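Here the protein sequences line up with chains A and B, keeping their order.
Per our numbering, residue 17 is the first one in the first sequence, and the count goes up by one each step.
Per our numbering, residue 17 is the first one in the second sequence, and the count goes up by one each step.
Idealized CB from N, CA, C, for every residue including glycine.
Bear in mind that the values here come from a model prediction, so they are computed numbers and not experimental data.
There are 2 protein chains.
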Amino acid sequence: MEKKVSASVINRLPRYYRYLTDLLSSGIERISSKELSERMHVTASQIRQDLNCFGGFGQQGYGYNVKSLQSEIAKILGLDRGYTAVLVGAGNMGRTFAINTKFESRGFRLIGIFDTDPKKIGTTLTRYTIMDYKNIKEFIDTHHPEMAILAVPKQVIHGVAEELIGYGIRAFLNFSYTELSTAEDVAVENVHLSDSLMRLSYKLLEHDQNEDKKQESEV
Amino acid sequence: MEKKVSASVINRLPRYYRYLTDLLSSGIERISSKELSERMHVTASQIRQDLNCFGGFGQQGYGYNVKSLQSEIAKILGLDRGYTAVLVGAGNMGRTFAINTKFESRGFRLIGIFDTDPKKIGTTLTRYTIMDYKNIKEFIDTHHPEMAILAVPKQVIHGVAEELIGYGIRAFLNFSYTELSTAEDVAVENVHLSDSLMRLSYKLLEHDQNEDKKQESEV
DNA sequence: TAGATTGTTAATCGATTAACAATC
DNA sequence: TAGATTGTTAATCGATTAACAATC
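Shown next, in the form of structure tokens:
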């Protein structure tokens with residue numbers, strides 16, 4: 017068994033995928049680690065090390081074929097698996113997610129939307145009719161989605177997750193402020209917009225303070 | 017001048033803030049690094065190291081006062097600065113963002129929403145009237161927001177960012193698929209939901225493959 | 001005071017970068 | 001072939017963990 021690839025490497029993969037997709041759409045066929053490193057503001061060494069966790073995708077003297085590298089990374093990420101997902105919660109975040117079909121094919125395919133609000137159940141959201149959360153077990157038993165996107169209030173997040181784990185779901189994208197702890201054999205990605213905002217706030221403050229210092233030293 | 021705090025530490029700060037806020041709301045007054053470490057699934061050593069980048073907030077033999085530690089971290093993150101932000105783009109993501117006022121006070125206060133779509137301009141979104149993007153310079157000159165939340169299509173993201181930098185904005189939260197490169201003296205946080213999905217997809221695939229291997233070895 | 005827990009130094013571990021032989 | 005660029009090993013750097021003296 018190969019040794020486990022580190023989280024740092026995994027976290028960079030989507031970014032490689034993104035850049036390669038852009039290169040592809042601008043018609044660039046081959047790229048060297050050096051040129052890619054300049055575009056991405058990382059070292060060429062890091063790119064080669066990262067890729068070689070999964071195999072030798074390049075060719076000495078030539079570099080990497082953009083198209084084949086992109087598809088290799090897609091495979092590594094599991095984007096070719098046709099994973100399917102249900103969305104739980106048709107509030108604002110849920111609706112935004114459902115409408116942005118551009119996410120599809122970059123990780124999953126949405127096959128059903130659920131909510132508990134009688135006002136929402138039966139209404140349509142893009143090409144889906146919102147279903148009653150009560151019937152989610154039946155739906156899962158029939159269609160076997162692998163993932164659930166959780167866009168529900170933080171008060172119910174743990175309950176919903178546990179229930180869905182019971183029904184066989186093994187991967188969650190969690191939008192609630194509370195984080196879903198990753199016990200058991202379950203994959204979780206937490207998306208915390210508040211965290212991003214706080215980081216931005218920190219960076220802004222840091223810049224402001226550097227600015228202040230610069231002015232002081234000029235005086 | 018103190019040495020720069022590493023990105024790893026900064027990235028963990030919002031999570032500390034989140035946990036401390038939860039502790040506070042459940043009425044817990046003091047906590048030791050050991051107990052916090054168990055709740056957060058990190059080492060006590062890491063917590064103490066992280067906090068001591070900014071100062072000695074604890075007390076030997078006692079631990080940390082939850083309330084004062086929370087407010088210290090808020091200060092470090094700049095949450096007490098009353099930073100203000102404009103939202104550019106009142107599409108789905110923009111609307112979701114505007115409606116989730118819970119983000120406010122965790123990094124910024126929203127003071128205006130802009131769009132270019134004549135159908136949207138003049139309509140209201142929660143407590144705001146959507147303004148014409150044409151008039152954003154005037155608004156910035158008058159109200160001096162520090163941040164901009166960019167929820168615009170990727171085709172226009174760089175143009176919008178450059179324009180707003182010209183008007184004095186120094187911090188951006190970017191929701192577009194393309195990333196905003198962080199040249200100049202500008203703070204940027206990119207939020208890429210697709211990246212989160214791809215990471216989730218990878219984790220799921222990894223779990224599936226471990227599952228397969230386990231079964232093989234059982235045969 | 002004795003016990004607990006911090007702040008901090010030292011040790012370990014892992015990730016990044018540099019270098020270069022292999023090879024297209 | 002000569003030049004370019006990979007894959008990979010070795011060196012460096014930084015982050016995490018462990019340990020413990022300081023001290024509440």
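With 16 other CB atoms within 10 Å as the buried threshold, where does residue i fall?
i, result
"A/Pro30", "buried"
"B/Tyr149", "buried"
"A/Gly94", "buried"
"B/His208", "buried"
"A/Thr158", "exposed"
"B/Ile89", "buried"
"A/Glu205", "buried"
"A/Asp300", "The shown model of chain A, from 17 to 235, leaves out residue 300 of chain A, and the question about it has no answer."
"A/Thr112", "buried"
"A/Gly110", "buried"
"A/Ala23", "exposed"
"B/Ser217", "buried"
"A/Lys219", "buried"
"A/Lys135", "exposed"
"A/Pro161", "buried"
"B/Gln225", "exposed"
Measuring CA to CA, which of the options is closest to residue i?
i, options, result
"B/Arg186", "B/Met163, B/Phe155 and B/Ser48", "B/Met163"
"B/Arg64", "B/Gly98, B/Asp38, B/Ser41 and B/Val25", "B/Val25"
"A/Glu73", "A/Ile47, A/Ser41, A/Met56 and A/Ala177", "Per the sequence shown, the amino acid found at residue 73 of chain A is Phe instead of Glu. Closest option to A/Phe73, Cα to Cα, is A/Ile47."
"B/Ile44", "B/Lys20, B/Leu85, B/Ala23 and B/Val21", "B/Leu85"
"B/Met56", "B/His174, B/Ile115, B/Asn68 and B/Arg28", "B/Arg28"
"B/Gly123", "B/Leu216, B/Arg34, B/Leu220 and B/His223", "B/Arg34"
"B/Gly107", "B/Ser121, B/Thr140, B/Glu120 and B/Gly98", "B/Thr140"
"A/Glu200", "A/Glu178, A/Gly138 and A/Thr37", "A/Glu178"
"A/Glu227", "B/Val202, B/His223, B/Phe119 and B/Ala167", "B/Val202"
"A/Asn116", "B/Asp38, B/Leu221, B/Tyr193 and B/Gln231", "B/Tyr193"
"B/Arg125", "B/Asp133, B/Arg143 and B/Leu40", "B/Arg143"
"A/Ala114", "A/Val21, A/Ser87, A/Phe155 and A/Ile165", "A/Ile165"
"B/Gln171", "A/Asp38, A/Lys20 and A/Tyr32", "A/Asp38"
"A/Gly71", "A/Lys83, A/Thr59, A/Thr145 and A/Ile92", "A/Ile92"
"B/Leu180", "B/Glu195, B/Phe155 and B/Pro169", "B/Phe155"
"A/Ser121", "A/Arg97, A/Ile137, A/Gly138 and A/Asp133", "A/Arg97"
Using a C-beta to C-beta distance shorter than 8 angstroms, which residues of chain A count as neighbours of residue i?
i, result
"B/Lys135", "Going along chain A, no residue has its Cβ under 8 angstroms from B/Lys135, so there is no contact; the nearest lies around 17 angstroms."
Below 7 angstroms on C-beta distance, what does residue i contact in chain A?
i, result
"B/His40", "What sits at residue 40 of chain B in the sequence shown is Leu, not His. Those within 7 angstroms of B/Leu40 in chain A number zero; the least Cβ separation is about 14 angstroms."
Starting from residue i, find everything on chain A with Cβ-Cβ shorter than 9 angstroms and list it in chain order.
i, result
"B/Ala187", "Leu216, Ser217, Lys219, Leu220 and His223"
"B/Asp201", "His223, Asn226 and Glu227"
"B/Arg111", "Asn108, Arg111 and Thr112"
Anything in chain B within Cβ reach of residue i, meaning under 8 angstroms, just list it in chain order.
i, result
"A/Leu141", "Those within 8 angstroms of A/Leu141 in chain B number zero; the least Cβ separation is about 11 angstroms."
"A/Asn27", "Arg215"
"A/Ile115", "Asn108"
If you pair each beta-carbon of the segment 129-143 of chain A with each one of the segment 96-109 of chain A, do three or more pairs fall below 8 angstroms? Yes, since at least three Cβ pairs between the segment 129-143 of chain A and the segment 96-109 of chain A fall closer than 8 angstroms, the two stretches touch.
Specify whether the segment 181-197 of chain A and the segment 207-225 of chain B touch according to this definition: at least 3 beta carbon pairs, one from each stretch, less than 8 angstroms apart. yes
Please determine if the segment 75-83 of chain B and the segment 47-55 of chain B are in contact, where contact requires at least 3 C-beta pairs separated by less than 8 angstroms. yes
For the segment 30-63 of chain A, which residues have a beta carbon sitting closer than 8 angstroms to at least one beta carbon of chain B? Under the 8 angstroms Cβ criterion, the segment 30-63 of chain A contributes Pro30, Arg31, Tyr33, Arg34, Asp38 and His57.
Which of the residues in the segment 204-234 of chain B, read from start to end, lie with their CB under 9 angstroms from any CB of chain A? Of all residues in the segment 204-234 of chain B, only Val204, Glu205, Asn206, Val207, His208, Leu209, Ser210, Asp211, Ser212, Leu213, Met214, Arg215, Leu216, Ser217, Tyr218, Lys219, Leu220, Leu221, Glu222, His223, Asp224, Asn226, Glu227 and Lys229 place a beta-carbon less than 9 angstroms from a beta-carbon of chain A.
Note down, in chain order, all residues in the segment 89-100 of chain A with a beta-carbon under 8 angstroms from any beta-carbon belonging to chain B. Hits within the stretch, in order: Ile92, Leu93, Gly94, Leu95, Arg97 and Tyr99.
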